[in-house]
Each structure stands twice: as structure tokens, then as C-alpha cells.
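Down below is the structure, laid out as C-alpha cells.
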Amino acid sequence: MVNIIPTLHFKEFLLNHHSIPNWSDYSFWGRPFLEKFPFLSFFLISLISIAFNISILTSWKILIIACVFTGACFIYMIVYRLTSNSKASLISATVFALVPFHSGNTSTAWFWAPSWALLPLLFIVYDQFLSNMNYKNAIKFCLLSTILLAFSIQYSVIGFFFLGIFALNRISTFIIGKTTPFREIIKFHSFIAILLLFLFSFVWVPFTLIEDTSAFDIALGGRSIIYEVSVHPMLTFLHQPGFLKDLFYLSPLFYFMVLLSFLSNEKAKYVWIIIFVVSYLLALGRYSPINLYLLINHIPFVSKVRFPFRYMYITILSGSILCGLGYQWAESKIALFLNHHRAKAKQVFFYIIFCLFLLFYIPFGSVAFKATDSYFSEDDMNAYKWISQHNGFFRILEFPKDFRYVLSPLIHKKRTVFGAYQEEVAKSSYLLETHLRSGIINSTNKKESLIEDMKVSNIKFILFHKKNNLSDELLSQNGIIFEKAFGKTKIYRNINFHPYVTLHKKIFSSSSSGSLPGEYIPSNLKMKKESSEHIKITLPPRLFSVFLVIAETYDANWNVTVDGKNKEIIPINPNFMGVEVLGKESEIIFKYEENIIENIANIVTVFFFVFLAVSLLGFRIIFRVK
1 MVNIIPTLHF
11 KEFLLNHHSI
21 PNWSDYSFWG
31 RPFLEKFPFL
41 SFFLISLISI
51 AFNISILTSW
61 KILIIACVFT
71 GACFIYMIVY
81 RLTSNSKASL
91 ISATVFALVP
101 FHSGNTSTAW
111 FWAPSWALLP
121 LLFIVYDQFL
131 SNMNYKNAIK
141 FCLLSTILLA
151 FSIQYSVIGF
161 FFLGIFALNR
171 ISTFIIGKTT
181 PFREIIKFHS
191 FIAILLLFLF
201 SFVWVPFTLI
211 EDTSAFDIAL
221 GGRSIIYEVS
231 VHPMLTFLHQ
241 PGFLKDLFYL
251 SPLFYFMVLL
261 SFLSNEKAKY
271 VWIIIFVVSY
281 LLALGRYSPI
291 NLYLLINHIP
301 FVSKVRFPFR
311 YMYITILSGS
321 ILCGLGYQWA
331 ESKIALFLNH
341 HRAKAKQVFF
351 YIIFCLFLLF
361 YIPFGSVAFK
371 ATDSYFSEDD
381 MNAYKWISQH
391 NGFFRILEFP
401 KDFRYVLSPL
411 IHKKRTVFGA
421 YQEEVAKSSY
431 LLETHLRSGI
441 INSTNKKESL
451 IEDMKVSNIK
461 FILFHKKNNL
471 SDELLSQNGI
481 IFEKAFGKTK
491 IYRNINFHPY
501 VTLHKKIFSS
511 SSSGSLPGEY
521 IPSNLKMKKE
531 SSEHIKITLP
541 PRLFSVFLVI
551 AETYDANWNV
561 TVDGKNKEII
571 PINPNFMGVE
581 VLGKESEIIF
591 KYEENIIENI
601 ANIVTVFFFV
611 FLAVSLLGFR
621 IIFRVK
């Protein structure tokens with residue numbers, strides 16, 4: 001759900017401007033669109049929506065089902081390659097498809113789903129490459145790796161890290177058994193490394209060569225590990241009611257089948273057990289008895305994975321495979337014990353295990369497939385319809401913090417400030433919610449930064465969906481007055497609300513950026529948003545120079561021209577943009593443009609991907625001719 005609205009923005013931008021957006025004004029007060037979220041997921045879901053003329057939500061649900069089913073098929077292939085047992089393979093595929101992590105987590109961030117489908121395939125393709133080292137298989141692996149990275153940076157990094165463990169295990173067997181010359185191993189892996197260096201340029205160049213100046217990233221605390229989003233072990237073992245608690249439920253049967261896999265005669269079990277244990281300990285985060293993050297934090301890129309719970313996906317992937325190995329061992333022992341009824345015993349055992357997994361997991365699989373309206377109460381819907389009747393560009397703030405309210409712009413068509421998740425952000429001016437919820441607003445003479453922030457943050461309405469501890473009197477003393485109630489949903493208006501674009505008398509320089517004191521100067525300026533990254537403002541003539549402020553997050557890639565001449569953008573708290581304008585009729589244009597280094601990196605990636613894809617096609621044609 002978190003990324004439904006940005007996806008809607010992506011689709012609209014694609015249709016209206018025939019290009020991929022670089023900036024989104026739906027998240028917070030604007031942020032780089034593709035810096036954290038590679039475009040391929042957004043492009044795919046938008047394409048489905050446009051091609052079949054269906055809503056973004058419907059497209060999203062189709063994608064989830066397709067990705068989970070595809071991932072389960074690849075899990076089936078992995079287990080079948082190991083066991084040649086179709087029943088064991090089906091058990092593994094069923095576990096992978098039905099665990100609550102997939103259906104529940106995609107309801108918060110659907111764009112991860114393609115990564116879950118492709119990661120098992122990555123292990124298969126790499127294993128095929130090791131079995132038959134040649135340039136063709138090496139290119140296949142590189143192309144698939146690039147596609148995976150274009151869907152999700154963080155899950156790709158996680159996948160590559162554990163693929164490295166898998167690779168070390170497999171390569172060590174080659175070296176010990178002397179089945180493959182060491183020179184061949186080095187040659188082809190060097191070839192892969194060189195190709196990936198070029199193919200991955202669209203990711204590693206922005207991370208390493210460009211200084212991260214985005215105010216949003218500064219607020220996030222530099223992508224540090226956020227242990228608050230760790231997985232408590234009891235949530236994986238015992239069912240606890242509640243969305244986020246259901247998310248990590250694995251069931252006792254899951255653990256039982258994994259333990260049985262330890263008794264399996266399959267040599268491949270060892271590497272999957274290692275992957276399972278390591279990923280599980282990392283997912284536990286602050287609850288882990290062994291702090292592996294002391295090591296992880298020193299590994300490039302892997303240290304950027306901020307949320308421990310994301311490692312749970314690898315736990316599920318490896319655990320699903322181990323469940324199949326455990327099933328195979330148990331089936332063989334039961335068949336041996338019931339020698340005269342071997343076939344029937346195997347059949348009965350399969351149906352028992354299969355049905356038990358269905359009973360454990362089916363109740364949790366529907367959370368991701370609700371209709372849009374079902375996320376909101378009737379009171380919420382009426383409040384959103386009332387807000388939608390107000391014209392102009394403004395933002396709203398919703399309490400309490402809840403994933404479902406991210407979908408509210410689908411109803412009211414306004415930008416919603418969605419609260420952040422972690423303590424680091426709470427310390428910044430972004431999280432006004434923290435101040436409101438904790439009651440920092442007070443009636444004393446002490447001037448809280450919140451009040452100043454609320455003035456310039458373009459937040460016009462505040463919605464409380466549940467009873468809040470702040471009285472109407474206390475809120476009104478701080479410029480937040482009661483406007484209207486729809487049942488339990490109350491709407492408040494910020495009387496200090498500043499428009500999206502404001503004019504001020506005080507002039508700043510780059511060395512004196514800060515908060516804007518006092519009220520803005522009323523003006524009949526004209527503002528037109530050509531797009532989220534192209535804003536045109538026309539000012540009438542004045543007798544004095546002014547300082548123009550736009551309520552959009554400051555970022556180094558924003559440029560501004562005044563009457564066609566480039567001007568310096570001054571950062572203004574809370575992380576907005578300002579520019580000096582002389583006292584005459586003026587045309588101001590703000591444009592967001594990707595860094596030239598980023599553009600070059602993207603071109604390099606596209607060129608090498610197309611070149612290698614054509615080369616791979618050439619290999620196939622030559623092979624068929626021969």
C-alpha cells in the first residue's frame with residue numbers, strides 16, 4: 001500500500017509526459033522518485049493498468065498473485081533438482097506461496113513482489129552456470145541480476161549476499177573435488193564481475209560517487225540500521241492477532257519440517273541450513289542472541305539494508321526448501337516402516353502435511369486483497385469527500401499513524417503527509433506527528449519549532465481518526481481549530497496555513513539559510529505545476545525585492561531560473577527551497593533534473609544490457625543453425 005500512490009503518480013506522469021518521473025510530490029514534501037525505488041516495478045504495474053484499462057490497485061493485486069505463484073514454481077524447481085520428489089517439491093512451493101509474509105508485506109510495499117519471484121530463479125541460473133561454465137550462462141546470470149536489481153535494490157543486495165554464501169559452498173566442492181580447474185572458476189567469475197560493474201552502474205554510481213544531499217535522506221539518519229523493525233522470535237512461532245504480528249508467522253509445523261531436514265541425506269542441505277540460520281538471526285535484529293550486524297555493518301551495500309525484518313524473506317526461501325527436504329526424509333521413513341502399504345502411506349502422509357500447511361496459512365492470505373473502500377470506515381470516506389471539495393494545492397496530515405491512510409489520496413486527491421517509522425526521523429521537523437501525539441504542543445510562552453513548521457509546511461487540514469489526548473482548546477491555542485466531525489473522524493484546520501508558494505520580505509543568502517520569521521506577503525502570484533518536477537510561477541511587479549519560498553523538499557538536483565537566468569536556491573527550514581526575486585514582473589521556473597553523472601550511469605546500464613541481450617540471442621541462433 002505504501003507505494004500505491006507513487007505508482008499512480010508514475011502512471012499519470014507516463015501518460016501525460018511520456019517519460020519516467022524523477023521526483024514525486026506525494027511522499028512527505030517531495031522526494032527523489034527513483035533513488036530508493038528502481039522504476040521497473042512501477043513501470044510494470046502501470047503497463048498492466050494501461051493495457052487492460054484497470055485500476056492501479058487491481059493491477060497491483062494481479063502482480064502479487066503472479067509473482068508469488070512464479071516464485072513458488074521456482075522453489076519447486078530447486079527442490080525437484082535436489083530430490084527428484086514431486087511431492088516434496090510441491091510442499092516447498094506451497095509453504096513459500098502461502099506464508100503470511102508475502103500477502104501481508106505486499107499490502108505495505110507491493111513493489112517488492114517481483115524480487116521475491118526472481119530471487120529463487122537467480123539461485124537456479126547461478127547453479128546452472130556452475131554446472132556448465134561458459135560465456136552464455138554467465139551472460140544469462142548477469143542479465144537476470146540486473147533485472148532483479150531494477151525491481152528492488154535492497155532485496156537484491158540481500159539476495160546477492162546469500163547467493164555469495166551459496167557460491168562459496170558450491171565452489172569449495174569443486175576445488176576440493178578437483179572437478180573444475182581453478183583457473184576456469186577465476187576466469188568466468190572475473191568475466192561476471194566486469195559485466196556487473198557496468199550493468200549495475202545505475203545503482204552503485206549514485207551511492208558512491210554522488211554526495212547524498214537529499215533532505216529526506218538526511219532526515220532518515222544516513223540509512224543506518226533501524227533495530228525497531230526487528231522480528232520477535234515468538235511472532236514467528238506462535239500466532240498473535242494483528243496485522244504486523246501475523247506478518248512474520250511461520251507456524252510450528254514449518255519449524256518441525258525444517259528440523260527434519262537436518263536428518264536428510266542430501267549434501268545440499270548444509271548450505272541451505274547455513275543460509276536459514278544466518279538470515280533468521282539477522283531478521284531477529286535486536287532480539288538475536290548473536291549480533292551478526294557487527295559483521296554486516298562492514299560489508300559494502302549490505303550495510304545499507306536498514307530494516308532487519310527484510311532478511312525474513314531469505315529465511316522463508318531457504319526454510320521452504322528445507323521443508324521439502326524434511327518431508328522427503330519423513331516420507332522415506334514412513335514408507336520403510338509401512339513396507340507393505342508403501343504407496344498408500346506416502347499418499348496419506350502427503351495429504352496430511354499439505355492440508356496442515358493450508359490450515360496454518362490460509363486464514364492470513366486475504367489481507368492484501370481488500371477493495372480500496374474496505375480500508376476506510378464510512379466516517380473516513382465522508383471526511384475525504386468533504387476535503388476533496390476544497391480547491392488549491394495543499395497537504396493534509398492524518399493520525400494515528402496507519403498504513404491504510406496512505407491510500408487516502410485515491411479518495412480525496414490531495415497530498416497526504418504520512419508519518420515516518422523510526423526514531424531518527426522523529427527527531428527532525430518532518431515528523432510533526434510525534435509532537436502532536438506526545439503532547440509537546442503547550443499553552444506556555446515557550447515557542448515550539450512545531451508551530452513555525454506548521455506555518456510553512458503547506459498542511460491545511462489535520463485528521464484524527466481516533467480520539468486524541470489533545471483538547472480542542474489546547475490545539476486552538478496553537479493555531480489548529482476544529483472544523484468538522486464525521487462520526488469518530490474529526491477534521492481540524494491549520495489557521496496558520498501557508499500556500500504552496502509564498503513571498504517574504506527577508507532576504508537570505510547561502511550562508512544564512514534558516515526559518516522564515518513572520519507571515520508571508522499576500523500576493524496575486526500565479527502558480528502552475530506543469531508536473532511534479534516543473535513548477536512555473538509568475539509574479540506581478542512590486543516596489544521591493546522579495547524572497548520566494550516553495551513548500552517542496554530541497555534537493556541538489558533542483559534548479560531555478562528567474563526571467564531565464566539561473567539563480568541560487570537557498571535551503572529553508574523545514575527543508576524547503578527559496579530564491580530572491582527583484583521587484584519587477586518575474587517568471588520563476590523550478591525544474592528537477594537528474595545529475596549528469598546519474599544520466600551517464602543509466603545510459604551505460606542500458607547499453608550493456610541491450611548489447612548482452614542481443615549477444616545471448618545470437619548464441620541461441622548460432623546454436624540452432626549448427
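Heads up: the sequence shown is residues 1 to 626, going by our numbering.
Note that the Cβ used here is the ideal one computed from N, Cα and C, for glycine as well.
Range covered by the alpha helix (DSSP H) that runs through residue i
| i | result |
| --- | --- |
| S476 | 472-477 |
| P252 | 252-261 |
| K385 | 378-388 |
| F174 | 153-177 |
| Y293 | 293-296 |
| S86 | 86-98 |
Continuous beta strand (DSSP E) stretch holding residue i: start and end
| i | result |
| --- | --- |
| F461 | 459-464 |
| T83 | Where T83 is concerned, there is no enclosing beta strand (DSSP E), although the alpha helix (DSSP H) it sits in stretches over 56-83. |
| V277 | Per DSSP, V277 belongs to no beta strand (DSSP E); it is in the alpha helix (DSSP H), 269-284. |
| A485 | 480-486 |
| I550 | 546-550 |
| R183 | Run containing R183: none in the beta strand (DSSP E); it sits in the alpha helix (DSSP H), 182-199. |
| I396 | 395-399 |
| S586 | 586-592 |
| N557 | Run containing N557: none; DSSP gives neither H nor E here. |
| H504 | 501-504 |
Local Cβ density within 10 Å of residue i, reported as buried at 16 or more and exposed below that
| i | result |
| --- | --- |
| A343 | exposed |
| F307 | buried |
| A551 | buried |
| L431 | Residue placement at L431 is flagged as unreliable, the pLDDT there being 41, under the threshold of 50; the coordinate-derived value follows with that caveat. Flag for L431 reads buried. |
| V277 | exposed |
| I75 | buried |
| E533 | buried |
| N494 | buried |
| P252 | exposed |
| C355 | exposed |
| A93 | buried |
| P289 | exposed |
| R395 | buried |
| S615 | exposed |
Proximal residues to residue i (C-beta, below 8 Å), its chain only, five neighbours per side dropped
| i | result |
| --- | --- |
| A613 | L143 |
| K385 | I411, H412 |
| L44 | L63, P114 |
| K447 | Note that K447 scores a pLDDT of 41, beneath 50, so its modelled location is shaky; the value from the coordinates is reported in the next line. Result list for K447: empty, nothing under 8 Å. |
| N566 | N559, V560 |
| F349 | A330, E331, I334 |
Per-residue DSSP class, three states only, for residue i
| i | result |
| --- | --- |
| W112 | helix |
| H232 | coil |
| S332 | helix |
| F10 | helix |
| P32 | strand |
| K536 | strand |
| I353 | helix |
| K567 | strand |
| L407 | helix |
| Y520 | coil |
| L144 | helix |
Same chain, Cβ closer than 7 Å to residue i, five either side skipped, listed in chain order
| i | result |
| --- | --- |
| S586 | L539, V562, D563 |
| I629 | The shown model of the chain, from 1 to 626, leaves out residue 629, and the question about it has no answer. |
| V606 | none |
| N442 | For N442, the pLDDT reaches just 39, beneath the cut-off of 50, and the residue's location in the model is therefore unreliable, although a value from the coordinates is still provided. Nothing listed; no residue qualifies. |
| T236 | F248, Y249, L250 |
Nearest candidate by alpha-carbon position, reference residue i, set the options
| i | options | result |
| --- | --- | --- |
| L149 | I139, L119, V549 | L119 |
| V271 | H189, Q477, N169 | N169 |
| I165 | I274, I48, P571 | I274 |
| G30 | N382, I537, R415 | R415 |
| V546 | I521, V258, W558 | I521 |
| H102 | C67, C73, M133 | C67 |
| T146 | G618, L40, E12 | L40 |
| A283 | I299, L548, K267, I316 | I316 |
| N85 | L260, S201, K346, K536 | K346 |
Cut-off 6 Å between Cβ atoms - residues of its own chain near residue i, not counting five sequence neighbours on either side
| i | result |
| --- | --- |
| L8 | I56 |
| S156 | L148, L149 |
| L263 | W329 |
| G487 | D379 |
| S152 | W112, S115 |
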